[in-house]
Amino acid sequence: MSRTAFGRPLLPWLLILPSFALALFIICYPVYNIVFQSVHEVSRFGLIKGFCGLDNFRKVFADPIFIASLWRTLWWTLGVVGGTVLVSVPVALILHLDFYGRGVARTIVMLPWSVSLTMTAIVWRWAFNDEYGMVNVTLQRLGFIDAPIQWLATSNWAFPVEILVGILVSVPFTVTIFLGGLSSVPGDIYEAARIDGASTWQQFRRLTLPLLRPFINMAIVLNVIYVFNSFPIIWVMTQGGPSNGTHILVTYLYEKGFRLGKPGEAAAISLVMLAMLLCFTALYLKIQPKAKDGEGA
Amino acid sequence: MQVRLTQRLTRAAVALTAMGLAGFTAQADTVRVTVAYYSDQTEPYFKKMAEAFEKANPGHSIKIEMVNWDTLQQKLQTDISGGTNADLAIIGTRWLLDFVKDDMAEPLDGYMNPAFKNRFIGAFLAPGQISGKTYGLPIAASARALYYNKEQLTKAGFPNGPKTWDDVVAASKKIKATGSYGFGLQGKEIETDVYWYYSLWTHGGEVVGKDGKAAFASPAGFKAAALYKSMIDQGLTQPGVTNYSREDVQNLFKQGRVSMAISAPFLAKQIKKEAPNLKYGIAPVPMGTANATYAVTDSMVMFKNSKFKATAWKFLDFLFTKDPRVAFTSGEGFLPTTKDEAAAPQFADPDTKAFVNLLPNARFAPTVTGWEDTAKAVSDAMQAVYLGKAKPEDALKNAAQEANKALGK
Amino acid sequence: MRINTSKFRLSLICWLVLSPLVVIILFPFAVMFLTAVKPAEEVFVYPARWLPSVFRWSNFADMWDATKFGVALKNSLYVSLSSTLLAIAVSIPAAYAMARFPFRGKGFYRQFLLVTQMLSPILLVIGLFRLAAMIHWGEGNLVDKHISVIVAYAAFNIAFAVWMMSSYFATIPKDLEESAWLEGCGRAKAVWKVFLPLAVPAMTVTAIFTFINAWNEFAVVYTLIRSDANKTLTVQITDLVAGRYTVEWHQVMAATLLATLPVSVLFAWLQRYLVKGLALGAVK
Chain A
151 MSRTAFGRPL LPWLLILPSF ALALFIICYP VYNIVFQSVH EVSRFGLIKG
201 FCGLDNFRKV FADPIFIASL WRTLWWTLGV VGGTVLVSVP VALILHLDFY
251 GRGVARTIVM LPWSVSLTMT AIVWRWAFND EYGMVNVTLQ RLGFIDAPIQ
301 WLATSNWAFP VEILVGILVS VPFTVTIFLG GLSSVPGDIY EAARIDGAST
351 WQQFRRLTLP LLRPFINMAI VLNVIYVFNS FPIIWVMTQG GPSNGTHILV
401 TYLYEKGFRL GKPGEAAAIS LVMLAMLLCF TALYLKIQPK AKDGEGA
Chain B
236 MQVRLTQRLT RAAVALTAMG LAGFTAQADT VRVTVAYYSD QTEPYFKKMA
286 EAFEKANPGH SIKIEMVNWD TLQQKLQTDI SGGTNADLAI IGTRWLLDFV
336 KDDMAEPLDG YMNPAFKNRF IGAFLAPGQI SGKTYGLPIA ASARALYYNK
386 EQLTKAGFPN GPKTWDDVVA ASKKIKATGS YGFGLQGKEI ETDVYWYYSL
436 WTHGGEVVGK DGKAAFASPA GFKAAALYKS MIDQGLTQPG VTNYSREDVQ
486 NLFKQGRVSM AISAPFLAKQ IKKEAPNLKY GIAPVPMGTA NATYAVTDSM
536 VMFKNSKFKA TAWKFLDFLF TKDPRVAFTS GEGFLPTTKD EAAAPQFADP
586 DTKAFVNLLP NARFAPTVTG WEDTAKAVSD AMQAVYLGKA KPEDALKNAA
636 QEANKALGK
Chain C
10 MRINTSKFRL SLICWLVLSP LVVIILFPFA VMFLTAVKPA EEVFVYPARW
60 LPSVFRWSNF ADMWDATKFG VALKNSLYVS LSSTLLAIAV SIPAAYAMAR
110 FPFRGKGFYR QFLLVTQMLS PILLVIGLFR LAAMIHWGEG NLVDKHISVI
160 VAYAAFNIAF AVWMMSSYFA TIPKDLEESA WLEGCGRAKA VWKVFLPLAV
210 PAMTVTAIFT FINAWNEFAV VYTLIRSDAN KTLTVQITDL VAGRYTVEWH
260 QVMAATLLAT LPVSVLFAWL QRYLVKGLAL GAVK
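Residue numbers (the numbering used here), protein chains in the order written: chain A, 151 to 447; chain B, 236 to 644; chain C, 10 to 293.
Below you can see the structure in the form of structure tokens.
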């Protein structure tokens, strides 16, 4: 029986109105503020010194640290999101099975999420200290290394460490999304498939994955956005150093805006970041197979 | 003792008010003060001052907001750009020029009479003055000296601590043989540049020359940087220098893992509390060709957009009388900035005297615009040198170029 | 009670496979816990040791006072719960619309919501502050008021809430409502009686996310909230560490541990909604 359209579709608009209004209200002024500052010369304290067109953007693009941070941000995002998804899918599948202590396992897996990102970064920075940090102490006690490793002293070690921490804190969120998705998969289809002789792997590929796809997309897109903008881990552990070796765009813009007192350039960098994310989401969602109406992404 | 202090404070406040603006109609002024966190004594101290002032000036109130140093600049910037900044604030004096340039700071000369000016020790008042006008009053002052582990240094043959950089190197070599580290070198976070300036200045170099341009890419500068790098290479410092902030180096010193570290007076207080068995000595910053140290002041400024300037000034006046000053400075472990304070018995202990003796050779951060950029350029350069990524000459020349851009040259 | 041997074997395998992850996850918590119960002098002892010589439980009490934990906890709970309720309330209708109606603004709305996520709070914080300073509320403006934080959090979480719930709602077959509708329920009633009960798992999961995001958020609270009486846990704890000359690490760790408890408890209780086919049980 087909649904009759409710007159002209006024209803859906009404339904989205509250959330739309709220979101719009909150981001409207701040976004306007950023755009405005990016095309003006702004003093450290937000005093507008004069219109300068695209000068801020020109300065920013001519800055080698900016370019380096841009590339590094791409690596950072790829590393963390890729690692997170790779770890989260099997973990979610396991946590979906019925086994003893499942509730405990699920709670443990989501523990990293219960600590604020800043505190997590602080604890890990402390743990990775070469003299008194627990990582070196434990590794030495277990005999894996002879001498303490200078984890955070060089960007060669520090950046991968930061990526690993990033993965660790993103896994709980992603696993929970997947668990939510898996719980929406009706159980009987597996029965039918088993009766038809499908192997576990085939069940996974043909049944689970496609039904999980909207949730995987959501996890990837949201993770990319959050990780791209993720500030505390790198800032707390290395402040983008040593020698600008671990700066990503968001830490660099924070330094520019709040330490070096150049809000105009910081605003310009923010807009560049926004543009990059917009491109990514537009492209990513375009290359998805056409989803049925109503399905996510 | 506490009660007496409060009584004296109240009396002082009352006296000031009586002397001051008699006949001033009492409006209910609320003066807001942004205060930087120095220790767990800071907030109680300011709250007590606020209460004493309020008692003596009924109808007016003082609101104290405490902020950590890490985020003080950011908070101030946010507040000012939102028009909700306080009336008074503690700032790093090195930021003062930025405030003055943007016309945020109120010149205080109109409120000060010669007697007031005379309260201060000249060397400390000077950094708060720009183009002849006084904008900031020195609320906190410290200098830097070399802390050394008495046991280790005596074993290395320097019972009274090292005097020159050659001494430091010699002592560190001996200490290295015993399994711990000689010289604690900071390579991360705020004041990484300053830690190198100790070497620069004591080798006769300058950060900013008389022409206002960056002057640290000089032979003295190259020597100073090469010295640190060679110490790192010979294992005379702790390994992984670029992972050590000032707090980290101090922790190593307190643990006895590092035998020499350059720091400020408050470290002595920390040692007494956290490592009471550590025998330490205080010596001047090691000499190269000259004696020098870094002195810092933090200033209290009044904002131009304050609506309660008269009352804010009264509070400032009160804070800079003898008893409030002595209470603050001795509680925090700083150096006295007013003459009355300096004569007080609290500052007669050997540690404080050691620091005070260094003042004649003290350098302050030059009042230039873009000090933060210069600091970052130098810190980046030093980090590259410590990691062996760049030679001192190249790194410093690059940094000088960057710094000149910020210095407007 | 008979132990199901195949389930037992499965459990062993599952735990074995999960163990590396479990160890890495629990490692920082072990560090936090053991540091929290160490006496202050032992925190930096060399060579570093795992275990304290004595378990100083009083650290927790000291920390409670030093961080004004009780007040901060109350504030965190209030702000997180309120923003979660607000976010869910405005998002449910939107998610329903996205899942059930084909309407022209759908793509635009989805893109708009994504854009709200792309702006990191770091970027928006100054603008938000100015906005709050401009709006009059009560005696002053919206700075240092919980309501501004609640509204901001709710707004930031809408995108995720709508997306998650609409994806989930889409998996609930339309026939259920339609058959109820056919049987004479009004449309609204059909939604209320048939749809919503099935949507509970989705709403629960979304509520968990929103609550946790609000609980741990730092930048917005830090900028908008000024007085101690209004600060939340994240700010109070970070304040203990950032830029201090001496950091009382044992207190910091104690505070962090306690701050994670409410979220962990909440999640432990609610995670059972993430069970296969809960939505479809009603079909049978």
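Don't be surprised by glycine CBs; every beta carbon is placed ideally from N, CA and C.
Collapsed DSSP secondary structure at residue i in the structure displayed
{"i": "F355 (chain B)", "result": "strand"}
{"i": "F112 (chain C)", "result": "coil"}
{"i": "V270 (chain B)", "result": "strand"}
{"i": "T260 (chain B)", "result": "Any answer about T260 (chain B) is weak, because its pLDDT of 46 lies below 50 and its placement is not dependable; what the coordinates show is given next. In this structure, T260 (chain B) counts as coil in the three-state DSSP scheme."}
{"i": "K544 (chain B)", "result": "helix"}
{"i": "M339 (chain B)", "result": "coil"}
{"i": "A447 (chain A)", "result": "Low confidence applies here, because A447 (chain A) scores a pLDDT of 40, under 50, leaving its location unreliable; read the following figure in that light. Of the three classes helix, strand and coil, the one that applies to A447 (chain A) here is coil, per DSSP."}
{"i": "G293 (chain A)", "result": "coil"}
{"i": "E300 (chain B)", "result": "strand"}
{"i": "E191 (chain A)", "result": "strand"}
{"i": "L372 (chain B)", "result": "strand"}
{"i": "W24 (chain C)", "result": "helix"}
{"i": "T277 (chain B)", "result": "helix"}
{"i": "K514 (chain B)", "result": "coil"}
{"i": "W431 (chain B)", "result": "helix"}
Neighbour list for residue i in chain B, Cβ cutoff strictly below 8 angstroms
{"i": "D280 (chain A)", "result": "P474, G475, N478"}
{"i": "R235 (chain C)", "result": "E300"}
Within chain C, partners of residue i - CB distance below 7 angstroms
{"i": "M313 (chain B)", "result": "Note on residue identity: the sequence assigns Thr, not Met, to residue 313 (chain B). Result: I135, F138, T232."}
{"i": "Q421 (chain B)", "result": "Result: empty, since nearest Cβ-Cβ is about 14 angstroms, beyond 7 angstroms."}
Proximity of residue i and residue j at Cβ, strictly below 9 angstroms
{"i": "S193 (chain A)", "j": "K336 (chain B)", "result": "yes"}
{"i": "I325 (chain B)", "j": "V270 (chain B)", "result": "yes"}
{"i": "T328 (chain B)", "j": "V603 (chain B)", "result": "no"}
{"i": "K423 (chain B)", "j": "N353 (chain B)", "result": "no"}
{"i": "G491 (chain B)", "j": "L471 (chain B)", "result": "no"}
{"i": "E509 (chain B)", "j": "A161 (chain C)", "result": "no"}
{"i": "A103 (chain C)", "j": "A179 (chain C)", "result": "no"}
{"i": "Q312 (chain B)", "j": "G196 (chain A)", "result": "yes"}
Neighbouring residues, chain A, relative to residue i (Cβ below 9 angstroms)
{"i": "L27 (chain C)", "result": "V241, I244, L245, A255, I258, V259"}
Where residue i meets chain A, residues with beta-carbon distance less than 8 angstroms
{"i": "Y105 (chain C)", "result": "L165"}
Within chain A, partners of residue i - CB distance below 7 angstroms
{"i": "A619 (chain B)", "result": "S393"}
{"i": "E719 (chain B)", "result": "This structure gives no information on residue 719 (chain B), because the portion of chain B shown stretches from 236 to 644."}
{"i": "S316 (chain B)", "result": "F195, G196"}
{"i": "M72 (chain C)", "result": "What M72 (chain C) touches in chain A: nothing, since even the nearest Cβ is about 14 angstroms away."}
{"i": "W146 (chain C)", "result": "The contacting residues do not exist; W146 (chain C) stays about 14 angstroms from chain A at best."}
Among the options, nearest to residue i - alpha-carbon criterion
{"i": "P511 (chain B)", "options": "C:E51, C:S28, C:L30, C:F38", "result": "C:E51"}
{"i": "L242 (chain C)", "options": "C:L90, C:A106, C:V80, C:S20", "result": "C:V80"}
{"i": "L439 (chain B)", "options": "B:L381, B:I425, B:A459, B:G447", "result": "According to the sequence displayed, residue 439 (chain B) carries Gly and not Leu. G439 (chain B) has its Cα closest to that of B:A459, out of B:L381, B:I425, B:A459, B:G447."}
{"i": "Y529 (chain B)", "options": "B:K544, B:W436, B:K489", "result": "B:W436"}
{"i": "F555 (chain B)", "options": "B:S541, B:V536, B:N540, B:P394", "result": "B:V536"}
{"i": "K412 (chain A)", "options": "A:F175, A:Q187, A:C178, A:I177", "result": "A:Q187"}
{"i": "Q389 (chain A)", "options": "A:T268, A:R291, A:L292", "result": "A:T268"}
{"i": "K632 (chain B)", "options": "B:F457, B:K298, B:G414, B:G396", "result": "B:F457"}
Cβ-Cβ separation, residue j to residue i (assumed contact under 8 angstroms), whole Å
{"i": "R481 (chain B)", "j": "Q421 (chain B)", "result": "5 angstroms"}
{"i": "E637 (chain B)", "j": "A612 (chain B)", "result": "4 angstroms"}
{"i": "P162 (chain A)", "j": "A106 (chain C)", "result": "4 angstroms"}
{"i": "L19 (chain C)", "j": "L247 (chain A)", "result": "7 angstroms"}
{"i": "P373 (chain B)", "j": "G363 (chain B)", "result": "6 angstroms"}
Neighbour list for residue i in chain B, Cβ cutoff strictly below 7 angstroms
{"i": "T248 (chain C)", "result": "It should be pointed out that residue 248 (chain C) corresponds to Asp in this sequence rather than to Thr. In chain order: N303."}
{"i": "E50 (chain C)", "result": "E509"}
{"i": "V200 (chain C)", "result": "Those within 7 angstroms of V200 (chain C) in chain B number zero; the least Cβ separation is about 44 angstroms."}
{"i": "F53 (chain C)", "result": "N486, K489, Q490"}
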